[in-house]
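Chains as they are written, first to last, in our numbering: chain E, 206 to 627; chain P, 52 to 529. Here a beta-carbon is modelled for each residue, glycine too, at the ideal position from N, C-alpha and C.
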Amino acid sequence: MRDMILQALRELDIPVYDITLEKERSAELFFIRKTLDMRRIKDVARCAVTVYRDFEADGRKYRGRSLTQIFEGMSLDEVKARLKSALFAAQFVKNPFYELYEGKKEEPVAMPSTLADRSLEDDAMLMAQALFAADTEEDAWINSAEVFAIEKQVTFLNSSGTDVSYSRYLVEGEFVTQCKTPQDVEQFFQFAYADLNTEALTEKARKAIAAVRDRAAAQESPQAGTYDVVLSGDQVGTLMNYYLDRANAALVYAQYSDWAAGKRVQGEEVKGEKLNLKLLPQAPYSPEGIPMAARPLVENGELRTLYGALRFCQYLGLEPTGNYERVGLENGAVPLQELQKGCLCPVSFSGFEMDSFTGHFGGEIRLAYLYTEDGVKILTGGSINGNLSEKQGKLLFSKERYDTMDYTGPFAVRIEGVEVAG
Amino acid sequence: MQVKRSAFLQAAKPLLQKLIGRLNEKYGYVSVLAADTRGKFYNVANTGVNAGEDELFTRRGFVLKVYDGRSYGEYSFTHMDEDAIPAIAAAVEKRLMPLTGLPEGLSLSAYGQIPDEPATLLKCSEYAMDPDGKGDEAILSLLTAIREEGKARDERIVDCAVGYTFQEVHKLFLSPRRDLEQNFLWSDGYIEAMCPKEDDIVCYMVGASDLGGAEVLDRLRSKLDEAVRGALELIDSEPIPPGEYECVCTPAVTGMIVHEAFGHGVEMDMFVKDRAQAKQFIGEYVASPLVTMHDGAAVQRDTGSYFFDDEGVLSHDTVIIEKGILKRGISDAQSAMHLGTVPTGNGRRESFERKAYTRMTNTTNTYFEPGTDTFEDMIASVKDGFLLDNPTSGMEDPKNWGIQCMVNVAREIKDGKLTGRVFSPIVLTGYVPDLLKSITMVSGDFALEGAGMCGKGWKEWVKVSDGGPCIKARIRLG
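1. Can you tell me where the beta strand (DSSP E) with Asn-590(E) in it begins and where it stops?
2. Measuring only between beta-carbons, confirm whether Pro-220(E) sits less than 9 angstroms from chain P.
3. Hey, which unbroken runs of the alpha helix (DSSP H) at 4 residues or more fall wholly within the region 292-350 of chain P?
4. Rounded to whole angstroms, what's the CA-CA distance from Ala-63(P) to Leu-275(P)? Just pull it up for me.
5. Check whether chain P comes within 9 angstroms of Ser-271(E), counting only Cβ atoms and requiring the distance to be less than that.
6. Got a sec? Which residues, its chain only, sit under 7 angstroms from Phe-419(P) by beta carbon, not counting five neighbours each side?
7. Would you mind telling me which residues of chain E sit closer than 9 angstroms to Tyr-126(P), beta carbon to beta carbon, in chain order?
8. May I ask you to verify whether the region 442-456 of chain P touches the region 318-334 of chain P, counting CB pairs closer than 8 angstroms and requiring at least 3?
9. Alpha helix (DSSP H) containing Ile-71(P): first to last residue?
10. Within 10 Å of its beta-carbon, does Asn-284(P) have 16 or more other beta-carbons around it, so buried, or fewer, so exposed?
11. DSSP three-state call for Glu-362(P): helix, strand or coil?
12. At least one CB of chain P closer than 9 angstroms to the CB of Gly-568(E): is that the case?
13. Taking 9 angstroms as the threshold (beta carbon to beta carbon), is Pro-293(P) in contact with chain E?
14. Which residue from Ser-231(E), Gly-627(E), Pro-615(E) and Phe-517(E) puts its Cα closest to that of Gly-99(P)?
15. To the nearest angstrom, how far is it from the Cα of Ala-488(E) to the Cα of Gln-358(E)?
16. For Lys-631(E) versus Gly-269(E), is the C-beta spacing smaller than 9 angstroms?
17. Taking the alpha carbon of Pro-293(P) as the reference point, which residue from Asp-208(E), Arg-418(E), Arg-207(E) and Glu-569(E) has its own alpha carbon closest?
18. At least one CB of chain E closer than 9 angstroms to the CB of Ala-509(P): is that the case?
19. Can the beta-carbon of Ile-477(P) be found closer than 9 angstroms to that of Thr-563(E)?
20. Would you give the residue range spanned by the beta strand (DSSP E) that Asp-251(P) belongs to?
21. Using a Cβ-Cβ distance cut-off of 9 angstroms, determine whether Asp-263(E) contacts chain P.
22. Cβ of Met-332(E) within 8 angstroms of any heavy atom in the ligand ADP?
23. Report the three-state DSSP secondary structure of Tyr-458(E) (helix, strand or coil).
24. Look up Lys-514(P) in the DSSP assignment and give the residues it is bridged to.
25. Looking at Met-330(E) and Leu-234(E), is the spacing between their C-beta atoms short of 9 angstroms?
26. May I ask you to list, following chain order, the residues of the region 72-96 of chain P that have a beta carbon less than 7 angstroms from some beta carbon of chain E?
27. Opposite Thr-273(E) in the DSSP bridges: which residues?
28. For the region 103-119 of chain P, which residues have a beta carbon sitting closer than 9 angstroms to at least one beta carbon of chain E?
29. For Ile-201(P), which residues from the same chain have a beta carbon less than 8 angstroms from its beta carbon, with the 5 sequence-adjacent residues on both sides left out?
30. So which residues on chain P does Ser-555(E) lean against when the C-beta distance must stay under 7 angstroms?
31. Expressed to the nearest angstrom, what Euclidean distance is found between the alpha-carbon atoms of Asp-327(E) and Gln-392(E)?
32. Consult DSSP for Val-475(E) and reduce its assignment to one of helix, strand or coil.
33. Mark Glu-232(P) as exposed unless 16 or more other C-beta atoms lie within 10 angstroms of its C-beta, in which case mark it buried.
34. Please tell me whether Leu-217(E) has its Cβ less than 9 angstroms away from any Cβ of chain P.
35. Is Ile-237(E) close to chain P? Criterion is C-beta to C-beta, closer than 9 angstroms.
36. Does the beta-carbon of Thr-386(E) have 16 or more other beta-carbons within 10 angstroms, so that it is buried, or is it exposed?
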């Protein structure tokens, strides 16, 4: 397909382009309780070509672009028709000029993974085995689960000499835990690992089964009012998206964010922990072929790096970094038990939302623990509703760590004075 | 005008029939869904101008479903020609269906064979204006004009992002006895006005959608005022004091409640998994007698419409709640087999690359006796409450019928009048039947919208539409 696209680009005299070729294979298992309900495999190829068209208007130079999709089995004429149509559209896409990334041909990178040691079908079965290894009790269990073992091969090349490729493995999925007494409840969980991390999945499932047992015992909603709240697990990573999003060059260029390097993004007066966040790569290259590396995002509450796609970085006069979707938070010194004292600790929401534009975070509580001097009360229902831009000066983080595909850092964060609707 | 047929699918059809024939010698049931879709997006915002073919909406490929006498397996693939048939058959026979390594303690499901009832169908949807015919230049010029007009309305508008997307869908479903083909076109668009509020940005988004073409752009343009006015109001919005209030919901909020709070709960793959409380309430009152609720790709004309689902079941109009009583759920084919019910044409895939799940299509909350209440009467009847508007997101909870819906705006109502005070953002919580049973007034207005996407859990994105009339109910807000 690659050669045919390059031939079509040459014949159409399209000098500026980039091409992304992806191959994906997967083995997928779908369980209801401990019964395999459906199995699937996948072998697909995708190809996206962006063509660029330079033009001038009002004395300024512009570079328009348009994206098209090319499919296996297309003839040369079909490919040319798609590219021609995209080139036509690109002349109306009036964006200020910018350069494509100038790289070179690099050796393919195989991201190391223990998942590569056997077939995807076997990887999926082993992860399923690990998941259900935790399902040993009579009163709470795994209701249903989906397990995906995936291999992806990505190649990116452009007309400025960049020609890079990498391959990666991944196991991901979701499962629901259920407990029927004293009331019938469930909890939803997701997982994703770059290795055959069977122990982590078994542990996650064990904790998930314990959590659903607690939720079944929970009868009351929290009283409406203002609480110090401890958020944990995936919710901490979701909160950190506020910093990730606000530091994105696209948002800054569009004036949706006024952040700049050196800005005290937690405010002038920080009574809690000063944030130390890192940008962490998930792949060796960005979708525009830029080599990815770990970079500081926030140090001691001050923004260090505006990052982003090639176009926006060039518009802002920044070094092009590529887009990041994973952060590492280096804070956290307080033991979790101490952090939780006197706090409402929602551990599960029906959907936890973080709006990076407004700073608003919130969601309906599915399971929460209220730690008081009299002990721990298990609660369900109600919702929390807060604004991180108002609360971020008094954050405290746990010593215990948590690691996912898009976040690594403290397991929990304490936020003062959050409104709770009972 | 009618959507044209796909030359790619026409060319692939004899090869797919050959593949089915070959696999059918070994497997009792074999079907193929072939898809050729093309989606194009256009948007203008402070970030710049974009136009192109969307990856999610532009796909070409196949999914095979086979039955080995006990269970079902599926194979999604993109490479298809005469020479590929042996390799595809080998993948099914050697990698997919032989089940090896199933861990101890886990078992394999036991299903019957899908009844392959004979059917042939060829359907093409109608549209008024061809998006390709209108052209890239005209579409981008119109979006740019809407954006510039929005930004010019008030200097506090920092951006007015405008977008339009269409998708031309061609699908072929083949089995030994079924030959179904559908071709349809949907369009949607949005306007999102943004204003600064202290250090943050507040946004107000409006949408327009249709099973049709670029004609939707006229409807989109008519909503510019609403988007700009909404964003400006949010600048002075206040946090809401948590509590339970009398609320009037606009059709868009009604639609979100219907969809998120109730619709997901009657997706019958959740019945199979014992994940839906609704299963125990069939035949019982779950809502006010004022409420009748439908779902079906055939029930309304919008972005959730189609002629057959991704398992080759023809589209339906399913009455879910009738005068407050839960009558039935909606289902995909495999869930219906499991439950011994009739499939309702709701087996949908994000694309040929994904499994089919039970999914909503066009979900509507219609009313028992239209025209009983007017919007003005409903506002006048509220002593101390809110008009809820501009839904932003929601999350389902079929198991516990918990509500989590978020809306952008709650307008204060005191002594039957809107005071002009605006509260934002708002989280709706509570127990679904409590909310639906508390409905005391239903307006004669009705609106359906499908500008967004719906996920199952956190994935499997498909187009749906939802809506209804204005309703008055007691709702917990925070």
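According to the data block:
1. Numbered from its first residue, the first sequence carries residue 590(E) at position 385. Run containing Asn-590(E): 588-592, per the beta strand (DSSP E) assignment.
2. As a working mapping, residue 220(E) is identified with position 15 in the first sequence. With 9 angstroms as the cut-off, Pro-220(E) does not count as an interface residue toward chain P.
3. 302-307 and 320-323
4. For the purposes of this step, residue 63(P) is taken as residue 12 along the second sequence, with counting starting at 1. For the purposes of this step, residue 275(P) is taken as residue 224 along the second sequence, with counting starting at 1. Those two C-alpha atoms are separated by around 44 angstroms.
5. Counted from its first residue, the first sequence places residue 271(E) at position 66. True, the Cβ-Cβ gap to chain P drops below 9 angstroms.
6. For the purposes of this step, residue 419(P) is taken as residue 368 along the second sequence, with counting starting at 1. Residue placement at Phe-419(P) is poorly supported in this model, since its pLDDT is 44, which falls under 50; the coordinates still yield a value, given next. Taken in chain order, the residues that qualify are Pro-340, Leu-341, Thr-343 and Lys-374.
7. For the purposes of this step, residue 126(P) is identified with residue 75 of the second sequence, where counting begins at 1. What Tyr-126(P) touches in chain E: Arg-245, Ile-246, Lys-247 and Asp-248.
8. A contact exists between the region 442-456 of chain P and the region 318-334 of chain P.
9. Mapped onto the second sequence, residue 71(P) falls at position 20. Note, Ile-71(P): alpha helix (DSSP H), 58-75.
10. Position 233 of the second sequence holds residue 284(P). Correcting the residue identity first, residue 284(P) is Glu in this sequence and not Asn. Answer is buried; the Cβ neighbour count reaches 16.
11. To locate residue 362(P), count along the second sequence from 1; it is residue 311. Correct three-state label for Glu-362(P): coil.
12. Taking the first sequence and counting its residues from 1, the one referred to as residue 568(E) is at position 363. With 9 angstroms as the cut-off, Gly-568(E) counts as an interface residue toward chain P.
13. Translated into positions along the second sequence, residue 293(P) becomes position 242. At least one chain E Cβ lies under 9 angstroms of Pro-293(P).
14. In the second sequence, residue 99(P) corresponds to position 48, counting from 1. Checked all of Ser-231(E), Gly-627(E), Pro-615(E) and Phe-517(E); the closest Cα to Gly-99(P) is Phe-517(E).
15. For the purposes of this step, residue 488(E) is taken as residue 283 along the first sequence, with counting starting at 1. For the purposes of this step, residue 358(E) is taken as residue 153 along the first sequence, with counting starting at 1. Looking at the two C-alpha atoms, the distance is approximately 11 angstroms.
16. In the structure as shown, chain E begins at 206 and stops at 627. Residue 631(E) is therefore absent and cannot be evaluated.
17. The residue you call residue 293(P) lines up with position 242 of the second sequence. The shortest Cα separation from Pro-293(P) among Asp-208(E), Arg-418(E), Arg-207(E) and Glu-569(E) belongs to Glu-569(E).
18. Looking up residue 509(P) in the second sequence gives position 458. Strictly speaking, residue 509(P) in this sequence is Trp, with Ala absent from that position. At least one chain E Cβ lies under 9 angstroms of Trp-509(P).
19. Position 426 of the second sequence holds residue 477(P). Position 358 of the first sequence holds residue 563(E). No.
20. Translated into positions along the second sequence, residue 251(P) becomes position 200. Start and end: 251-261.
21. Translated into the one-based positions of the first sequence, residue 263(E) becomes position 58. With a threshold of 9 angstroms between beta carbons, Asp-263(E) makes no contact with chain P.
22. Annotation note on the ligand ADP: not contained in the displayed structure, which lists no ligands.
23. Here residue 458(E) is taken as the residue at index 253 of the first sequence, counted from 1. Tyr-458(E): helix per DSSP, three-state reduction.
24. As a working note, residue 514(P) is residue 463 in the second sequence. DSSP, once it has assigned bridges, lists Met-504(P) as partnering Lys-514(P).
25. On the first sequence, residue 234(E) is found 29 positions in, with the first residue counted as 1. On the first sequence, residue 330(E) is found 125 positions in, with the first residue counted as 1. Their beta carbons are under 9 angstroms apart, which means Leu-234(E) touches Met-330(E) by this criterion.
26. Ala-96
27. Locating residue 273(E) in the first sequence gives position 68, counting from the first residue. Paired residues: Val-254(E).
28. Gly-103, Glu-104, Asp-105, Glu-106, Thr-109, Arg-110, Arg-111, Gly-112 and Val-114
29. Start at 1 with the first residue of the second sequence, and residue 201(P) comes out as number 150. It should be pointed out that residue 201(P) corresponds to Gly in this sequence rather than to Ile. Within the same chain, Gly-201(P) has close Cβ partners Ile-208, Cys-211, Val-213, Ile-242, Ala-244, Leu-275, Ala-278 and Val-279.
30. For the purposes of this step, residue 555(E) is identified with residue 350 of the first sequence, where counting begins at 1. Per Cβ cutoff of 7 angstroms: Met-446, Asp-448, Gly-453 and Gln-455.
31. For the purposes of this step, residue 327(E) is taken as the residue at position 122 of the first sequence. For the purposes of this step, residue 392(E) is taken as the residue at position 187 of the first sequence. Looking at the two C-alpha atoms, the distance is approximately 27 angstroms.
32. Mapped onto the first sequence, residue 475(E) falls at position 270. In this structure, Val-475(E) counts as coil in the three-state DSSP scheme.
33. For the purposes of this step, residue 232(P) is taken as residue 181 along the second sequence, with counting starting at 1. Taking all protein chains shown into account, Glu-232(P) has 16 or more neighbouring C-beta atoms within 10 Å of its C-beta and is therefore buried.
34. One-based indexing of the first sequence puts residue 217(E) at position 12. Chain P places no beta carbon closer than 9 angstroms to that of Leu-217(E), leaving this residue out of the contacts.
35. Counting from 1 along the first sequence, the entry for residue 237(E) is found at position 32. So yes, Ile-237(E) belongs to the interface.
36. As a position in the first sequence, residue 386(E) is number 181, starting the count at 1. Looking at its Cβ environment, which holds fewer than 16 other Cβ atoms inside 10 Å, Thr-386(E) is exposed.
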